[in-house]
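Read the structure below first, then the notes.
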Amino acid sequence: MDHAQRLLELSLYNQSLGKSVIAKKYRIESSRYLNEQLEKSLTRDNDLIGLCRIALDNKLTISDKIIWMSSQVEDNFFPPVFQGLKTYIDSDEMYQEELLSVPDSFEPMVEWTSCTELPNEWSNNGVDSLFQDSLDDCSFVASFLSCNNIGISLMDKVTPHRDSFKYAVRLTFNGCERLVFIDSRLPVLRNTSKSLRVSSFSNKDLLWPSIIEKAFLKMSDDGYKFTGSNSAIANYALTGWIPETIETSSCTIADISRLYEDFRDGNVVLCLGTGNLNERECKQYGLIPNHDYAVTNLSFTNDSEYRFDIRNPWNKGQKAVTITDLSIFEVIYANRNPTMFSHMKQLSGISQSQDNEEFIDLILNHSQYTLGNDGTSTMNVILFFERHSLRKKISAESRIEIFQTQGERLISRRNKASKECVSSNTNFHFITIELKPLENVTVVIDIGKSSIRSHPFTLKAFTNDASTTLNKSLVRPGCFKQIDLELTPLNSGGNWDNYAYYKNPQLILTFNGESTDEAPFECAVFSKSDKTLFTYTIFWKSDDPDFPFITDASKNKLVSTDNTYKCRSCTRSKVASCNKSYLFVLSSYEPDAIESFKVFFQCSHDFSIERVETSLGLFTKEEIFSWKDQLVREFIIVVSNPSKLKFHVVNTNNKRRSKLNCSLIFQDTLISSLQDYTDNLYGCFISGNCEIPGKYLLQVHKNIISNEECLVEVGSSSSFELWEHH
Numbered sequence: 001m002d003h004a005q006r007l008l009e010l011s012l013y014n015q016s017l018g019k020s021v022i023a024k025k026y027r028i029e030s031s032r033y034l035n036e037q038l039e040k041s042l043t044r045d046n047d048l049i050g051l052c053r054i055a056l057d058n059k060l061t062i063s064d065k066i067i068w069m070s071s072q073v074e075d076n077f078f079p080p081v082f083q084g085l086k087t088y089i090d091s092d093e094m095y096q097e098e099l100l101s102v103p104d105s106f107e108p109m110v111e112w113t114s115c116t117e118l119p120n121e122w123s124n125n126g127v128d129s130l131f132q133d134s135l136d137d138c139s140f141v142a143s144f145l146s147c148n149n150i151g152i153s154l155m156d157k158v159t160p161h162r163d164s165f166k167y168a169v170r171l172t173f174n175g176c177e178r179l180v181f182i183d184s185r186l187p188v189l190r191n192t193s194k195s196l197r198v199s200s201f202s203n204k205d206l207l208w209p210s211i212i213e214k215a216f217l218k219m220s221d222d223g224y225k226f227t228g229s230n231s232a233i234a235n236y237a238l239t240g241w242i243p244e245t246i247e248t249s250s251c252t253i254a255d256i257s258r259l260y261e262d263f264r265d266g267n268v269v270l271c272l273g274t275g276n277l278n279e280r281e282c283k284q285y286g287l288i289p290n291h292d293y294a295v296t297n298l299s300f301t302n303d304s305e306y307r308f309d310i311r312n313p314w315n316k317g318q319k320a321v322t323i324t325d326l327s328i329f330e331v332i333y334a335n336r337n338p339t340m341f342s343h344m345k346q347l348s349g350i351s352q353s354q355d356n357e358e359f360i361d362l363i364l365n366h367s368q369y370t371l372g373n374d375g376t377s378t379m380n381v382i383l384f385f386e387r388h389s390l391r392k393k394i395s396a397e398s399r400i401e402i403f404q405t406q407g408e409r410l411i412s413r414r415n416k417a418s419k420e421c422v423s424s425n426t427n428f429h430f431i432t433i434e435l436k437p438l439e440n441v442t443v444v445i446d447i448g449k450s451s452i453r454s455h456p457f458t459l460k461a462f463t464n465d466a467s468t469t470l471n472k473s474l475v476r477p478g479c480f481k482q483i484d485l486e487l488t489p490l491n492s493g494g495n496w497d498n499y500a501y502y503k504n505p506q507l508i509l510t511f512n513g514e515s516t517d518e519a520p521f522e523c524a525v526f527s528k529s530d531k532t533l534f535t536y537t538i539f540w541k542s543d544d545p546d547f548p549f550i551t552d553a554s555k556n557k558l559v560s561t562d563n564t565y566k567c568r569s570c571t572r573s574k575v576a577s578c579n580k581s582y583l584f585v586l587s588s589y590e591p592d593a594i595e596s597f598k599v600f601f602q603c604s605h606d607f608s609i610e611r612v613e614t615s616l617g618l619f620t621k622e623e624i625f626s627w628k629d630q631l632v633r634e635f636i637i638v639v640s641n642p643s644k645l646k647f648h649v650v651n652t653n654n655k656r657r658s659k660l661n662c663s664l665i666f667q668d669t670l671i672s673s674l675q676d677y678t679d680n681l682y683g684c685f686i687s688g689n690c691e692i693p694g695k696y697l698l699q700v701h702k703n704i705i706s707n708e709e710c711l712v713e714v715g716s717s718s719s720f721e722l723w724e725h726h
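Take the sequence shown: its position 115, counting from 1, is numbered 115 in UniProt numbering, and each next residue is one higher.
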């Protein structure tokens, strides 16, 4: 049966990876063994029947697949426990695995001895006398003592309870309770009284804690070279209870009172951890720096005075000491019993690590989940996040942020109020959040820079209310579009107080629907770096087909703007009119900027996006001159083929400018001109059809004498010649 169960585990693991052929092969082979056992069984074996049903039902949800995918950690395979079913182990079959590493200093004196060759008592006698010796696993031993202190029977984590060449230990990590298989060999040190494994000073025949310890060290992937963890993580592995780390500097009497009530009811496992104590503090309080202590009792003497009875797992036979001042400790490790909560929602996913230096406010592609309260009463929810560890010593900053929303998927982290935020480089996060009736929030998971791209995780929500919901966040109903834009020295005209503003990247937005309809929409713009100040402005679209880009930033054309230029991101919401077109202009504060942008539009109605060409044509030429106290300058344009010419004339002084006009003339016939002089900052724009090849005259007029610099730009779909007429 051991073999059949292991084959079934391999089948589900390969199925999660999409290797259906291999998965089917393992499932068929497992089913054959299981059916043989069913035929031999004289009575109804519910465990056997349960495994048969799993073999027949090969459906896995997305969350199931991620849990099974997380079974392979480096070279080790840790399958999820089939909850409610027996774990089968063939005790008599010889089983040996690669020996766990030991510290170099102990290597010459280590002798690996099987439990079958040592006195091995399967009882709880002496568990309260466990101590660590030469191994730096105070977090594990302190957790073991604290669990035993409130009556948690950890011996039940081991299968079988007898001499065996193979043991299965149930530990919780990577999103669920998993099986850690080990052989029966334990390290015994020759010619020394020291020990490399956890021992009991009152019962030297107690080996099963060492079996669990060995499984824990295998799970941690450090072997007996273990460099330490913390008791919240160790307790979570041993019990599956929800880990919380409370900094004593921010701990209140109310927090301790809450811990006291849970501790009294046997619903919390407690440990204390010291920080970097100096030599004087160590002597004064009898404590060890950066060390974890088991809490054996917590009591209140009155409303404000508390007592922690603690045990140092490092000292053999030491009794508990009483602590009345938590300031000498750095953290309280509290693991809460999940059965305190009547309801639990769980989802697993994969988050991609983000490059913190690019598009930092863009969170659309982050893992996002909607947490909601569908009930009529306010509820408290505990959110527990665990990043799965699939490789040894992979470090990554993880950030969990909760936004006040309607539960929709967010584009930017800047445009919504943040309700809660936690960040650290650990694999675990614990958040308590209050949800009002019918309130929804969006939970955003952000994994920072890492040596690997994909990070599986599990998110759990614990409450005592059935009306809690936890689902993957969806984009709001409607139309959603993305477009990339670039600022370069060729198209970066700066803010709208610069004459070259018209060169900036521009889009035409057209919202479809009845003319009486309104279309709420949101626009979010993100820069690749945080070095460029930028914003975007929306105008009514011009009706001039020759100049669809911005030619006049007058206020009567303005629809939406933000006079504050920002870095990283800019997000705004607006209500648009359907069956109308708008002009979107992206601008940096300074001209000649170089930057990449991602632009997102989200609207309740369908809409279209069209890039605007700000060039005057396929062929362009320009002349720059100084007025030199003149009021008119003339230019000759020679056209070889019938074409349309477009002209732009502007004084390049942004602060002081005179009024301009320009005219296009062919053989003394006026083809195009402005009706009057204009002091438009962006200059004057005219176009004219040149149907007859030949010489055309462009006259540029100014209303007052001043010595300014002027730019003349000419464009056409056909080639032409341009020079100033003297």
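Beta carbons: idealized from backbone N, C-alpha and C, even for Gly.
Within the same chain, T535, C570 and R572 come within 7 angstroms of D562 by CB-CB distance, once the 5 residues on both sides are set aside. Annotated three-state conformation of D309 is strand, per DSSP. The Cβ neighbour count for M219, taken over all protein chains shown within 10 Å, is at least 16; the residue is labelled buried. Shown here, H3 sits in a helix according to DSSP, grouped into three states. Within its own chain, the residues whose Cβ lies closer than 7 angstroms to the Cβ of A237, once the five positions on either side in sequence are excluded, are L171, T172, F173, F216 and M219, listed in chain order. Apart from sequence neighbours up to five positions away, the residues of its chain that approach R409 with a beta-carbon distance below 8 angstroms are L364, Q368, T442, S473, L474, V475 and R476, ordered along the chain.
In chain order, N651, K702, N703, I704, S706 and E708 place their CB closer than 7 angstroms to the CB of S658, counting only its own chain and leaving out the 5 sequence neighbours on each side.
Secondary structure note for F144: its alpha helix (DSSP H) is the uninterrupted segment C138 to N149. Taken in chain order, the whole beta strand (DSSP E) runs of length 3 or more contained in the region 339–379 are 343–352 and 367–373. One thing to note: P160 has its Cβ within 7 angstroms of the Cβ of S91. For R190, the CB contacts under 7 angstroms within the same chain, skipping 5 residues up- and downstream, are M109 and E111 in chain order.
DSSP places D183 in the strand class (E or B) of the three-state scheme. E721 is not a Cβ neighbour of V649, given a cutoff of 7 angstroms.
Using a C-beta cut-off of 8 angstroms, the region 441–456 makes no contact with the region 511–529, since fewer than three inter-stretch Cβ pairs fall below that distance. DSSP places I594 outside both helix and strand once states are collapsed to three, so it counts as coil. Pairing I402 with R336 gives a Cβ-Cβ distance that is not under 7 angstroms.
Scanning E213, F201 and S200 for the CA closest to the CA of S184 turns up E213. Its chain contains E111 and T113 as the residues whose beta carbon lies nearer than 6 angstroms to that of V188, once the 5 sequence neighbours on both sides are disregarded; these appear in chain order. For Y260, the enclosing alpha helix (DSSP H) has its first and last residue at I253 to R264.
The Cβ atoms of E691 and P642 lie closer than 7 angstroms to each other. Close CB contacts of D163 within its chain, under the 8 angstroms cut and outside five residues either way in sequence, are with S91, C115, T116, N120 and S184 (chain order). Comparing alpha-carbon positions, the option among A232, S608 and A519 lying closest to G273 turns out to be A232.
Restricting attention to beta strand (DSSP E) runs no shorter than 3 residues, the region 543–629 encloses them at 558–560, 569–577, 580–588, 595–603, 607–611 and 619–626, ordered along the chain. F462 and S16 have their C-alpha atoms roughly 26 angstroms apart. Residues of the same chain with a CB within less than 6 angstroms of the CB of C684, apart from the 5 flanking positions on each side, are V649, L660, C662, L674 and T678 in chain order.
Inter-residue distance for Q630 and Y589 is about 33 angstroms (C-alpha atoms, whole angstroms). For I89, the closest alpha carbon among the candidates A168, Q72 and F140 is that of A168. DSSP lists L697 and W723 as the beta-bridge partner residues of I636. Comparing alpha-carbon positions, the option among Q83, Y682, N230 and S195 lying closest to Y501 turns out to be Y682. Within 10 angstroms of the beta-carbon of W496 lie 16 or more other beta-carbons, which makes it buried. Setting aside the 5 residues that flank it on each side, H725 is surrounded in the same chain by E634, F635, I636 and L697, each with a C-beta closer than 8 angstroms to its C-beta; the list follows chain order.
For I89, the secondary structure class from DSSP, reduced to helix, strand or coil, is coil.
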